[in-house]
Each structure stands twice: as structure tokens, then as C-alpha cells.
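*Asks:*
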Amino acid sequence: MSRILSTTPRADGFRMPAEWEPHIGCWMLWPERSDNWRNGAKPAQHAFAAVAAAIAQGEPVTVCASPGEYAVAREMLDPAIRVVEMTNNDSWMRDCGPTFLVNDTGDVRGVDWKFNAWGGLVGGLYFPWDQDDLVGEKVLEFERDDRYAPDFVLEGGSIDVDGQGTVLTTEECLLNPNRNPDMDRQTIETWLRDYLGVQSVLWLGKGVYLDETDGHVDNLCRFVAPGEVVLTWTDDPADPQYEISHDALRRLEGYRDARGRALKVHKLLQPARPVVITAEEAGGVDKVHGTLPREAGDRMAASYVNFYIANEVIVAPRFDDPNDEPAQALLATLFPGRRIVTVPGREILLGGGGIHCITQQEPRGRRLATAVSGSAA
Ligand code: KQY
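Counting with our numbering, you get residues 243 to 619 for the letters of the sequence shown.
#1: Would you check if there are 3 or more beta carbon pairs closer than 8 Å linking the region 246-258 to the region 341-350?
#2: Who are the Cβ neighbours of Ile246 in its own chain at under 7 Å, not counting the five residues just before and after it?
#3: Would the beta-carbon of Trp371 be found less than 6 Å away from any heavy atom of the ligand KQY?
#4: When the Cα atoms are used, what is the spatial distance from His508 to Ile582?
#5: Would the C-beta of Thr455 count as close to the ligand KQY, meaning under 6 Å from any of its heavy atoms?
#6: For a minimum of 4 consecutive residues, which ranges assigned as the alpha helix (DSSP H) are wholly contained in the region 458-545?
#7: Taking the alpha-carbon positions, what's the Leu376 to Ala480 distance?
#8: At the level of alpha carbons, what is the spacing between Asn622 and Asp499?
#9: Where does the unbroken beta strand (DSSP E) through Cys283 begin, and where does it stop?
#10: Which value, in whole angstroms, describes the spacing of the CA atoms of Ile556 and Gln603?
#11: State the Cα-Cα distance for the pair Ile323 and Ile297, rounded to the nearest angstrom.
#12: State the DSSP-derived secondary structure class of Asp402, mapped to helix, strand or coil.
#13: Where does Leu592 fall in DSSP's three states?
#14: Can you determine whether any heavy atom of the ligand KQY sits closer than 6 Å to the C-beta of Leu595, and answer yes or no?
#15: Beta carbon of Gly399: closer than 6 Å to some heavy atom of the ligand KQY?
#16: Within the same chain, show all residues whose beta-carbon is closer than 6 Å to that of Cys338, passing over the 5 residues directly before and after it, in chain order.
#17: By Cβ distance below 8 Å, which residues in the same chain neighbour Val293 in space, the five residues on each side in sequence not counted?
#18: Would you call the CB atoms of Asp349 and Arg606 closer than 7 Å?
#19: Apply the 10 Å Cβ neighbour rule to Pro559 and answer buried if 16 or more other Cβ atoms are within range, or exposed otherwise.
#20: Using only the alpha-carbon positions, how far apart do Ala619 and Ser400 sit?
#21: Can we count Trp269 as close to the ligand KQY, meaning its CB is less than 6 Å from some heavy atom?
#22: Can you tell me which of the three DSSP states Arg245 falls into?
#23: In the DSSP assignment, find the unbroken beta strand (DSSP E) run with Ile556 in it and report its ends.
#24: Using the Cβ count rule (16 or more neighbours within 10 Å means buried), how would you classify Glu261?
#25: If you measure from the CB of Asp337, is any heavy atom of the ligand KQY nearer than 6 Å?
#26: What is the residue span of the beta strand (DSSP E) that Pro605 lies within?
#27: Ends of the alpha helix (DSSP H) at Arg427?
#28: With a threshold of 7 Å on Cβ separation, who are the neighbours of Gln570 within its own chain once the five nearest residues in sequence on each side are excluded?
#29: Go to Arg336, then tell me how far its alpha helix (DSSP H) extends in each direction, as first and last residue.
#30: May I ask whether a heavy atom of the ligand KQY can be found less than 6 Å away from the beta carbon of Asn281?
#31: According to DSSP, is Phe384 helix, strand or coil?
#32: Cβ of Asn345 within 6 Å of any heavy atom in the ligand KQY?
#33: Three-state secondary structure (DSSP) at Met318?
#34: How close, in whole Å, do the beta carbons of Thr474 and Tyr484 come, if the pair is a contact with beta carbons under 8 Å?
#35: Just reading off the alpha helix (DSSP H) that Leu573 is part of, what are its end residues?
#36: Under 7 Å, do Gly407 and Leu382 count as touching if we go by C-beta distance?
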């Protein structure tokens with residue numbers, strides 16, 4: 243069983259580790275809804291299977307599939323990948339899954355945030371989201387990890403930590419009244435400090451242009467090492483992303499992290515050609531009231547920043563674009579101890595996100611700590 247703790251991670255000495263710290267594995271969900279994924283989600287399922295296989299080169303992967311899709315997922319996924327049945331509303335494990343925490347003696351716990359499908363009834367992306375809201379709890383129960391369950395709406399893609407006391411986030415998302423409407427900036431910072439075990443909250447402004455999550459930071463800017471970040475970038479002043487990235491750079495240059503370091507910012511050029519939905523692609527998505535529609539000509543929020551850091555590999559998107567190779571080369575210099583594995587990013591992007599958005603890392607460590615000692619709060 244997974245106990246619900248009434249204290250806070252900060253009070254108990256727990257913190258969210260950086261993604262490059264050792265993992266026991268990675269969690270994903272299996273896509274199936276035809277009002278978000280074109281052609282009955284079949285192209286997306288192949289794309290997710292490729293991501294899972296790439297990550298499995300570096301760590302164990304678990305994919306959660308609905309009862310109706312279990313057999314399909316089992317058949318399509320590499321036999322090395324564990325498949326478990328889990329009801330869900332869609333397939334964004336980064337956002338509806340738990341945030342795992344560690345302490346200095348190697349114990350693991352989790353945070354089971356509230357999830358409202360990126361805005362609930364005020365701009366949320368689908369209805370209902372009740373099953374997704376249970377995913378964090380279910381994963382933690384499955385792993386027998388004790389959990390904190392704050393009354394706070396947060397998606398994992400809206401935060402990025404260095405594991406040394408600093409979190410990056412965006413105003414566009416966390417200050418959006420469709421998440422925690424009764425909380426101001428200071429109150430939100432307090433929740434982040436308490437539940438991520440950080441000391442410093444670094445605010446960026448907007449996320450990537452037209453990112454339907456209300457600007458998740460994991461598509462814009464990520465830590466790649468203590469004191470170092472990558473930032474999605476364009477040198478084209480006519481591109482709407484230009485001002486967003488330049489504003490982020492100005493802010494990053496003015497910040498110090500929790501340990502007093504200035505940040506080294508690596509610019510990661512966005513795809514040279516905007517990724518735009520074709521008429522054929524849009525035509526393959528079922529139109530359902532309450533789900534964000536897809537229209538031909540819509541620009542998607544393509545970014546190379548949305549990669550996943552596995553134990554031995556970096557899994558990064560490619561878009562059949564001239565900037566694919568430079569992105570891969572930069573990531574190789576930033577992660578010298580890991581192999582860069584690229585997978586096609588377009589199908590996942592057509593659903594509204596990227597590789598990082600569909601994954602959730604689970605750190606190595608000891609489980610059942612409080613259950614064994616019997617001292618759960
Ligand atoms: O983290 C993400 N990028 C999730 C986006 C959800 C899109 C649903 N259509």
C-alpha cells in the first residue's frame with residue numbers, strides 16, 4: 243500500500259531529483275483517443291512504441307494501457323517493456339503522473355498532484371479528466387511509494403528542477419487562473435518549495451508559441467546540468483517565438499540559482515520550418531465537443547527541448563528538418579556520458595506535445611520506507 247502523508251516533502255527532507263540522476267525506470271501511457279490522435283491513434287501508437295523502445299535502451303519502461311487497449315499495446319510494444327492495465331483519459335504521463343522524490347538516505351516518495359486537463363472548464367483540453375487525475379495515485383500505489391497529495395493543480399511539464407534547490411517554471415502556466423485561481427505568485431512559490439523541496443523559483447514568462455498547455459516550461463527551457471539550461475531559440479525576428487525566447491534569455495541572465503550560480507544558457511534552435519498540420523492530418527482527428535479541435539494550417543509548438551534524459555540515452559525528437567542534426571549535435575555535447583537516440587516527433591506533436599510530455603522518470607532508491615518502519619504521518 244501507499245500511505246498518504248500529511249506532512250510536506252520539505253519538512254521531511256525530500257526533494258525532486260534532477261532528471262539526470264539515476265532512474266529505476268520510466269512510466270508512460272498508451273494513446274488511443276481518436277479526438278486527439280489521428281486515424282484512431284494508430285500512427286501515435288507506433289510513435290509511442292518507438293519512444294518506449296528508445297528509452298528501454300537505457301532503463302526499464304512501463305507502459306499503462308486501458309483495458310480495451312491492453313492487448314494491442316502488449317502486441318505492439320517491445321517484449322522488454324512492461325505493460326500494465328490502467329484506465330486513463332489520455333496519454334500524457336508527464337502531466338497526470340506523479341512527481342517522484344528522494345531524500346539523502348535514498349528513500350523514495352511521490353507527490354500526487356491534482357490534474358485538471360490543463361485548465362479544467364476554463365480552457366482545458368478535454369472533458370472529463372477524472373481517470374487521468376487518478377493516474378498519479380495508481381502509479382504510486384503500484385510502486386508502494388508513500389505519497390503526498392496536496393490540494394494543488396500541477397502538471398509535471400510545468401516545472402523543471404536541477405535537483406540542487408532550483409525550479410524553473412513559467413508565469414503563463416502557473417499563474418494562469420485556470421490552475422490554482424485563489425493563489426498568488428508568492429503562495430504558489432511556497433507550494434513549490436514545500437512539495438519539490440526547492441529553495442529558488444525562477445520564473446520565465448511565456449512558453450513556446452501556441453503551446454496548448456499554457457506554456458509548459460519543459461518545451462521551452464530545461465536544466466541539462468547544475469547551473470546550465472537549454473533554451474529553445476530562433477534568430478528570426480519575424481517569428482512569434484523570437485520575443486518569447488529573448489525575454490526568457492534576459493530573465494535567465496539576471497537570475498542566480500539556489501547555490502548562487504549564474505546560469506549558462508545553451509540556445510537550441512527550434513525547427514527551421516514551422517510544423518503545421520496538413521488537411522489530411524486534421525481530417526483524421528474526430529471532432530468531439532469539449533476536446534481542442536485540430537485544423538489544417540495550425541502551427542504546432544515544435545521544440546527540441548522536449549527530450550527525455552534516460553540513464554544511458556537521451557531520447558530526442560526529429561522533425562525531418564534542417565535543424566535536426568544541429569540539435570542532436572548540441573545535445574551530444576551537453577550529455578557526453580549518454581548516447582543520443584532520435585525518434586520521429588511529428589505524430590506526438592500532432593497530439594499536442596513531445597517526448598518529455600509522454601514520459602515520467604522514477605528515481606532509484608528504497609521503497610516502503612515508512613511502511614516498514616510503521617511511522618507514516
Ligand atoms: O504536456 C503536453 N504537452 C500535453 C499536451 C496535451 C495535449 C492534449 N491534446
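Heads up, the beta-carbon is just placed ideally off N, CA and C, and yes, glycines get one too.
*Replies:* With the given structure in hand:
#1: With the rule of 3 Cβ pairs closer than 8 Å, the region 246-258 counts as touching the region 341-350.
#2: Closer than 7 Å at the Cβ level, and outside the excluded window around Ile246, lie Arg389, Ala391.
#3: Not so, every heavy atom of the ligand KQY lies at least 6 Å from the Cβ.
#4: Linking His508 to Ile582 through their CA atoms gives a straight-line distance of about 17 Å.
#5: True, at least one ligand heavy atom lies under 6 Å from that Cβ.
#6: Runs found: 483-496, 521-525.
#7: In a straight line, the C-alpha of Leu376 is about 43 Å away from that of Ala480.
#8: A question about residue 622 goes unanswered here, because the residues of the chain that appear run from 243 up to 619.
#9: The displayed chain sequence assigns Ala, not Cys, to residue 283. Counting along the chain, Ala283 sits inside no beta strand (DSSP E), nor does DSSP assign it H or E at all.
#10: Cα to Cα, the separation comes out at about 13 Å.
#11: Whole-angstrom Cα-Cα distance: 10 Å.
#12: In the displayed model, Asp402 falls within a strand according to three-state DSSP.
#13: Here Leu592 sits in helix by DSSP.
#14: Leu is not the amino acid found at residue 595; the sequence shown has Gly there. Checking every heavy atom of the ligand KQY against the Cβ of Gly595, one is found closer than 6 Å.
#15: The nearest non-hydrogen atom of the ligand KQY is less than 6 Å from the C-beta of Gly399.
#16: Within the same chain, Cys338 has close Cβ partners Phe357, Asp374, Val377.
#17: Around Val293: Met270, Tyr550, Val557, Val585, Ile590, Ile597, Ile600, Thr601.
#18: Contact flag unset, no.
#19: Under this definition Pro559 is a buried residue.
#20: Any answer about Ala619 is weak, because its pLDDT of 35 lies below 50 and its placement is not dependable; what the coordinates show is given next. Their backbone Cα atoms lie some 28 Å apart in a straight line.
#21: Not so, every heavy atom of the ligand KQY lies at least 6 Å from the Cβ.
#22: Coil.
#23: For Ile556, the enclosing beta strand (DSSP E) starts and ends at 555-560.
#24: Within a 10 Å sphere around the beta-carbon of Glu261 sit 16 or more other beta-carbons, which makes this residue buried.
#25: Yes, the beta carbon of Asp337 sits closer than 6 Å to at least one heavy atom of the ligand KQY.
#26: In this chain, the beta strand (DSSP E) harbouring Pro605 covers 602-605.
#27: Secondary structure note for Arg427: its alpha helix (DSSP H) is the uninterrupted segment 427-438.
#28: Cβ-Cβ distances below 7 Å link Gln570 to Ala558, Ile582, Thr584 in the same chain, with the five nearest sequence neighbours on each side left out; the list follows chain order.
#29: In the DSSP assignment, Arg336 falls within the alpha helix (DSSP H) that extends over 335-338.
#30: Distances from the CB of Asn281 to the heavy atoms of the ligand KQY are all 6 Å or more.
#31: Helix at Phe384.
#32: Not under cutoff, so the answer is no.
#33: Note: Met318 maps to helix in three-state DSSP.
#34: About 11 Å separates the CB atoms of Thr474 and Tyr484; that is not less than 8 Å, and the two are not in contact.
#35: From DSSP, the alpha helix (DSSP H) with Leu573 extends over 566-576.
#36: No.
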